[in-house]
Amino acid sequence: MLDKNQIAQRIAQELQNKWYVNLGIGIPTLVANYIPKGIDVEFQSENGLLGMGPFPIEGTEDADMINAGKQTVTILDGGSLFDSAMSFAMIRGQHVQLTVLGAMEVAQNGDIANWKIPGRMVKGMGGAMDLVASAENIIVAMMHTNKRGESKILKECSLPLTGVGCVKKIVTNLAVLDVRDNSFYLLERAPGVSVEEIQQATEGNLIVEGEIPEMKL
Amino acid sequence: MLDKNQIAQRIAQELQNKWYVNLGIGIPTLVANYIPKGIDVEFQSENGLLGMGPFPIEGTEDADMINAGKQTVTILDGGSLFDSAMSFAMIRGQHVQLTVLGAMEVAQNGDIANWKIPGRMVKGMGGAMDLVASAENIIVAMMHTNKRGESKILKECSLPLTGVGCVKKIVTNLAVLDVRDNSFYLLERAPGVSVEEIQQATEGNLIVEGEIPEMKL
Amino acid sequence: MINKVVKNVEEALEGVASGMEFMLGGFGLCGIPENCISELVKREISDLTCISNNAGVDDFGLGQLLQKRQIKKMISSYVGENDEFERQMLSGELEVDLIPQGTLAERCRATGAGIPAFYTPAGYGTEVAEGKETRDFKGKMHVLEHAFNPEFAFVKAWKGDTAGNLIFKGTARNFNPMMAMAGKITVAEVEELVEVGELDPNQIHTPGIFVQRIFQGKDYEKRIEQRTVR
Amino acid sequence: MINKVVKNVEEALEGVASGMEFMLGGFGLCGIPENCISELVKREISDLTCISNNAGVDDFGLGQLLQKRQIKKMISSYVGENDEFERQMLSGELEVDLIPQGTLAERCRATGAGIPAFYTPAGYGTEVAEGKETRDFKGKMHVLEHAFNPEFAFVKAWKGDTAGNLIFKGTARNFNPMMAMAGKITVAEVEELVEVGELDPNQIHTPGIFVQRIFQGKDYEKRIEQRTVR
Numbered sequence: 009m010l011d012k013n014q015i016a017q018r019i020a021q022e023l024q025n026k027w028y029v030n031l032g033i034g035i036p037t038l039v040a041n042y043i044p045k046g047i048d049v050e051f052q053s054e055n056g057l058l059g060m061g062p063f064p065i066e067g068t069e070d071a072d073m074i075n076a077g078k079q080t081v082t083i084l085d086g087g088s089l090f091d092s093a094m095s096f097a098m099i100r101g102q103h104v105q106l107t108v109l110g111a112m113e114v115a116q117n118g119d120i121a122n123w124k125i126p127g128r129m130v131k132g133m134g135g136a137m138d139l140v141a142s143a144e145n146i147i148v149a150m151m152h153t154n155k156r157g158e159s160k161i162l163k164e165c166s167l168p169l170t171g172v173g174c175v176k177k178i179v180t181n182l183a184v185l186d187v188r189d190n191s192f193y194l195l196e197r198a199p200g201v202s203v204e205e206i207q208q209a210t211e212g213n214l215i216v217e218g219e220i221p222e223m224k225l
Numbered sequence: 009m010l011d012k013n014q015i016a017q018r019i020a021q022e023l024q025n026k027w028y029v030n031l032g033i034g035i036p037t038l039v040a041n042y043i044p045k046g047i048d049v050e051f052q053s054e055n056g057l058l059g060m061g062p063f064p065i066e067g068t069e070d071a072d073m074i075n076a077g078k079q080t081v082t083i084l085d086g087g088s089l090f091d092s093a094m095s096f097a098m099i100r101g102q103h104v105q106l107t108v109l110g111a112m113e114v115a116q117n118g119d120i121a122n123w124k125i126p127g128r129m130v131k132g133m134g135g136a137m138d139l140v141a142s143a144e145n146i147i148v149a150m151m152h153t154n155k156r157g158e159s160k161i162l163k164e165c166s167l168p169l170t171g172v173g174c175v176k177k178i179v180t181n182l183a184v185l186d187v188r189d190n191s192f193y194l195l196e197r198a199p200g201v202s203v204e205e206i207q208q209a210t211e212g213n214l215i216v217e218g219e220i221p222e223m224k225l
Numbered sequence: 129m130i131n132k133v134v135k136n137v138e139e140a141l142e143g144v145a146s147g148m149e150f151m152l153g154g155f156g157l158c159g160i161p162e163n164c165i166s167e168l169v170k171r172e173i174s175d176l177t178c179i180s181n182n183a184g185v186d187d188f189g190l191g192q193l194l195q196k197r198q199i200k201k202m203i204s205s206y207v208g209e210n211d212e213f214e215r216q217m218l219s220g221e222l223e224v225d226l227i228p229q230g231t232l233a234e235r236c237r238a239t240g241a242g243i244p245a246f247y248t249p250a251g252y253g254t255e256v257a258e259g260k261e262t263r264d265f266k267g268k269m270h271v272l273e274h275a276f277n278p279e280f281a282f283v284k285a286w287k288g289d290t291a292g293n294l295i296f297k298g299t300a301r302n303f304n305p306m307m308a309m310a311g312k313i314t315v316a317e318v319e320e321l322v323e324v325g326e327l328d329p330n331q332i333h334t335p336g337i338f339v340q341r342i343f344q345g346k347d348y349e350k351r352i353e354q355r356t357v358r
Numbered sequence: 129m130i131n132k133v134v135k136n137v138e139e140a141l142e143g144v145a146s147g148m149e150f151m152l153g154g155f156g157l158c159g160i161p162e163n164c165i166s167e168l169v170k171r172e173i174s175d176l177t178c179i180s181n182n183a184g185v186d187d188f189g190l191g192q193l194l195q196k197r198q199i200k201k202m203i204s205s206y207v208g209e210n211d212e213f214e215r216q217m218l219s220g221e222l223e224v225d226l227i228p229q230g231t232l233a234e235r236c237r238a239t240g241a242g243i244p245a246f247y248t249p250a251g252y253g254t255e256v257a258e259g260k261e262t263r264d265f266k267g268k269m270h271v272l273e274h275a276f277n278p279e280f281a282f283v284k285a286w287k288g289d290t291a292g293n294l295i296f297k298g299t300a301r302n303f304n305p306m307m308a309m310a311g312k313i314t315v316a317e318v319e320e321l322v323e324v325g326e327l328d329p330n331q332i333h334t335p336g337i338f339v340q341r342i343f344q345g346k347d348y349e350k351r352i353e354q355r356t357v358r
């Protein structure tokens with residue numbers, strides 16, 4: 009079973025050279041810590057920053073330099089700053105090759121729900137709806153089940169949707185899944201997790217073909 | 009009868025303080041030479057320049073600093089440079105208060121034709137269609153009649169239109185006209201030109217109310 | 129050059145009234161028009177519609193207007209970080225229109241650019257698209273979204289000149305440039321107001337044509353929401 | 129940082145082929161990608177569709193491609209100043225699609241920004257609107273206009289860095305930034321290519337994400353069409 013950092017580490021293996029990447033808040037943010045050697049990627053923050061660097065050294069933080077999670081950040085040499093219309097032009101125009109974000113639920117048709125729970129305070133979708141409607145590659149970082157042990161990998165989403173038919177890949181604490189043909193294809197197991205455990209934790213249609221390898225981290 | 013410079017001079021009297029103004033090629037360009045005292049205006053050139061100044065002093069002309077007529081120009085202190093999408097955002101969004109442009113024909117309903125003569129080489133409309141479709145104030149600078157003495161101030165345009173129902177005011181070599189209520193209202197006569205001469209040179213519905221004063225230049 | 133300078137925030141806000149629709153720049157607490165917001169809080173105006181990506185925190189930014197119940201409706205993409213907001217929203221005192229962030233940014237730009245409506249894929253198939261026109265372009269579904277119509281836009285820049293030209297700093301740019309384009313009256317407060325000729329015309333982010341009033345702001349707090357360091 | 133540098137114009141144009149749709153920056157002869165155009169003239173490719181505000185003059189800019197009959201269709205707002213253009217157009221050898229300049233600029237931006245279509249008032253009631261959807265917004269009629277789909281965009285900047293960030297100079301900016309956003313492959317030629325870190329990130333006109341290939345151009349003629357002086 010993976011912890012949050014390991015989920016991020018596994019997702020980082022999906023990064024391809026020369027990709028621009030938008031990382032959502034939470035586990036996705038951690039992906040930046042595990043960029044594979046030899047891979048050049050640039051991180052986009054949708055509030056208006058390309059070439060996002062690490063957090064600033066204490067004492068150098070600047071109120072005018074934050075990321076989409078409102079955290080103080082730095083900008084790398086070769087980065088650029090722009091307004092929010094330009095930022096979402098990049099996203100909507102598919103210039104950002106990969107979006108990594110969290111989810112409350114994913115359905116086997118690729119639907120994703122991650123912004124609203126009826127009856128609870130709704131904070132808003134921020135840029136998530138633009139990101140999922142636009143990105144060619146969307147990887148969801150999430151726990152396979154909720155706190156009550158119920159699957160979040162579903163036949164159909166029960167929560168209000170963020171986007172339809174858009175999720176291509178999921179990395180959970182238990183497995184790596186491809187989402188296609190109205191099914192979840194099991195690609196890899198987390199270390200020490202059996203196919204049966206994954207089947208049990210998956211409500212949606214799970215396809216298991218041949219031997220399923222363990223993830224390498 | 010006014011010459012081209014006098015038409016420009018008369019149009020300059022229409023300038024209001026704090027207006028941003030786009031001047032078309034030809035007579036309209038001359039308007040910049042007659043800005044009344046105490047009136048601050050800024051000229052916009054639709055290729056991407058605000059605060060356009062006079063032509064450069066010989067030897068200082070810069071290939072990277074031209075106006076929409078492709079002439080070398082200068083930029084005044086407080087001016088700004090921007091791309092063509094931003095430039096037409098200003099125009100379409102009605103941030104430019106006045107457009108002055110030439111015309112081949114104007115109709116009494118405010119239609120204007122100034123870009124195309126069937127059977128002749130068509131050079132294109134450039135920014136004229138955006139300008140006339142957007143500006144709240146459009147003043148047309150033109151000769152009252154063509155070289156054959158035929159009126160260009162018409163009941164209906166015969167040439168392909170540039171814009172519909174948009175012209176508010178016309179300054180010709182003979183007269184100043186308001187365009188409203190499907191008519192041309194005669195406001196002023198050029199020095200030495202009689203109402204009868206103007207009536208004769210106007211094919212469209214010309215309304216003459218009371219005494220028509222001579223223009224003051 | 130056309131001079132846009134007003135002497136202070138009081139003069140800058142002349143004409144604001146109850147029931148109006150405002151745009152306010154900023155992302156989180158970054159790049160918000162602090163002086164204008166403080167002055168709005170002092171005015172006896174209410175029933176405001178505020179278009180702003182976020183709603184501030186309880187005691188800073190738009191949160192101050194919420195505390196005084198001056199806002200009738202918020203149009204935003206994300207409104208967390210604010211207990212009073214939550215209370216008013218759940219009790220029904222406050223209307224909230226949540227809009228995808230990119231759609232919000234593009235609608236602001238469209239407002240200023242004379243584009244009454246455009247198609248975007250964001251929100252298709254979600255409740256955001258309910259009641260809206262949708263359409264297939266090259267096999268992908270899109271939603272028709274419209275421009276706004278705000279009476280005032282309040283923006284904050286780093287530097288500005290007397291002709292209204294603005295330069296923003298870092299990620300404090302965010303929504304400010306598009307909102308500056310969109311206001312019938314756009315008020316810009318700047319950290320540093322300079323004479324014309326001091327800013328490079330090639331580096332202006334917002335040309336002065338979009339700004340009706342500009343003033344030198346003061347006492348900027350520039351609060352940091354999430355101070356993170358290495 | 130992702131490095132976008134290619135060693136010369138030959139490498140920059142790898143993949144161009146007959147029948148493709150190109151965008152080319154510039155207004156008149158100002159800010160045109162001189163090196164790319166010269167190289168296109170050398171290639172044995174034809175049946176090109178060229179989206180460019182103007183069509184150059186007889187012996188410079190796109191006029192050179194016209195001389196060699198490489199262009200099948202021009203999409204422009206103004207095409208005067210060019211006898212060969214006129215000849216080919218009147219003889220029917222050349223297809224010409226004339227588009228209002230602001231609509232052309234906005235369609236380029238829309239292409240890059242993932243906006244498949246938008247409404248503009250420009251051209252309503254004229255032959256430009258024939259066959260297009262029209263619609264009333266607040267009592268004013270508008271025309272629905274669509275994005276393009278160019279394979280390559282060729283742009284010219286003043287300075288650029290190895291990450292593809294671009295800064296334009298003066299009115300040579302014009303259509304270049306929107307076209308840079310719009311190309312499936314965007315090729316940028318620059319007067320001065322610098323290392324990352326040398327350009328102020330706050331002053332970038334075109335962020336590097338839009339540029340796939342960048343190279344140091346050479347032998348810029350920068351011809352002036354109308355030399356006017358005081």
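Residue numbers (the working numbering), protein chains in the order written: chain A, 9 to 225; chain B, 9 to 225; chain C, 129 to 358; chain D, 129 to 358.
Glycine included, every Cβ here is placed at the ideal spot set by N, Cα and C.
Everything numeric in this text was worked out from a predicted model, so none of it was measured.
How about Ala20/B and Ile35/B: are their beta carbons less than 8 Å apart?
no
Going straight from the alpha carbon of Arg156/B to that of Ala183/B, what length do you get?
19 Å
Got a sec: is the Cβ-Cβ distance from Asp70/A to anything in chain D below 8 Å?
no
Exposure of Val357/D, with buried meaning 16 or more beta-carbon neighbours within 10 Å
exposed
Give me, in chain order, the residues of the same chain whose beta-carbon lies closer than 6 Å to that of Ser159/B; leave out the 5 immediate sequence neighbours on both sides.
Thr153, Ala209, Thr210, Glu211
Does Gln24/A pass the burial test, meaning 16 or more other C-beta atoms within 10 Å, or should it be called exposed?
exposed
Between the Cα of His274/D and those of Ala281/C, Phe265/C, Asn277/C, spot the shortest distance and give me the residue it belongs to.
Phe265/C
Could you name the residues of the same chain whose beta carbon sits closer than 7 Å to that of Leu84/A, not counting the 5 residues immediately before and after it, in chain order?
Gly59, Gly61
First through last residue of the alpha helix (DSSP H) which encompasses Gln14/B
12-20
Between which two residues does the beta strand (DSSP E) carrying Gln52/B extend?
49-53
Where Pro62/A meets chain C, residues with beta-carbon distance less than 7 Å:
Arg358
Can you give, in chain order, each stretch of the alpha helix (DSSP H) that sits fully within the region 220-300 of chain C and has at least 4 residues?
229-241
Under 8 Å, Cβ to Cβ, is there at least one residue of chain C near Leu167/A?
no
Nearest residue (CA-CA) to Trp123/B, options Gly298/D, Gln229/D, Ala241/D
Gln229/D
Quick check on the burial criterion: 16 or more other C-beta atoms within 10 angstroms. Buried or exposed for Gly311/D?
buried
Check the DSSP bridge columns for Lys201/C and list the partner residues they point to.
Thr177/C, Glu223/C
How many Å lie between Thr180/A and Ile15/A at the Cα?
6 Å
Would the region 107-125 of chain B and the region 27-34 of chain B be scored as touching if the rule is three or more Cβ pairs under 8 Å?
yes
Where Gln154/D and Ala76/B are concerned, what is the direct C-alpha to C-alpha distance, given to the nearest angstrom?
The sequence given here places Gly at residue 154/D; Gln does not occur at that position. Going by the C-alpha atoms only, they are around 12 Å apart.
Quick one: what does DSSP say Thr82/B is sitting in, helix, strand or coil?
coil
Comparing the C-beta of Glu20/A with each C-beta of chain D, is any distance below 8 Å?
Per the sequence shown, the amino acid found at residue 20/A is Ala instead of Glu. It does not: the Cβ of Ala20/A has no partner Cβ on chain D nearer than 8 Å.
How would you write the range of the beta strand (DSSP E) that Glu113/B sits in, first residue to last?
113-115
On the DSSP letters alone, give me the boundaries of the alpha helix (DSSP H) that Gln344/C sits inside.
First-last for Gln344/C: 341-344, but that is the beta strand (DSSP E), not the alpha helix (DSSP H).
Is there a C-beta anywhere in chain D that falls below 8 Å from the one on Ser202/B?
no
Just how far apart, CA to CA, sit Asn182/C and Glu219/A?
49 Å
Under 9 Å (Cβ pairs) to chain D, residues found in the region 289-310 of chain C
Ile295, Phe296, Lys297, Gly298, Arg301
Measuring only between beta-carbons, confirm whether Ser166/C sits less than 8 Å from chain A.
no
Going straight from the alpha carbon of Ala136/A to that of Lys196/C, what length do you get?
31 Å
Buried versus exposed, by CB contacts within 10 Å (16 or more), Pro221/B:
exposed
Check whether the Cβ atoms of Gln116/A and Gly242/D lie closer than 8 Å to each other.
no
Name the chain A residues whose beta carbon is nearer than 9 Å to that of Ala285/D?
The contacting residues do not exist; Ala285/D stays about 13 Å from chain A at best.
Please work out which residues of its chain come closer than 6 Å, Cβ to Cβ, to Glu54/A, disregarding the five sequence neighbours upstream and downstream, and give them in chain order.
Ala76, Ser95, Gly135
How long is the line joining the alpha carbons of Gln331/D and Gln344/D, rounded to whole angstroms?
20 Å
Tell me which residues of the region 318-343 of chain C have at least one Cβ-Cβ distance to chain B shorter than 7 Å, keeping chain order.
Val324, Gly325, Pro329, Asn330, Ile332, Pro335, Gly336, Ile337, Phe338
Measure from the alpha carbon of Glu217/B to the alpha carbon of each residue in Val114/B, Asp11/B, Gly200/B, Leu195/B, then state which is nearest.
Leu195/B
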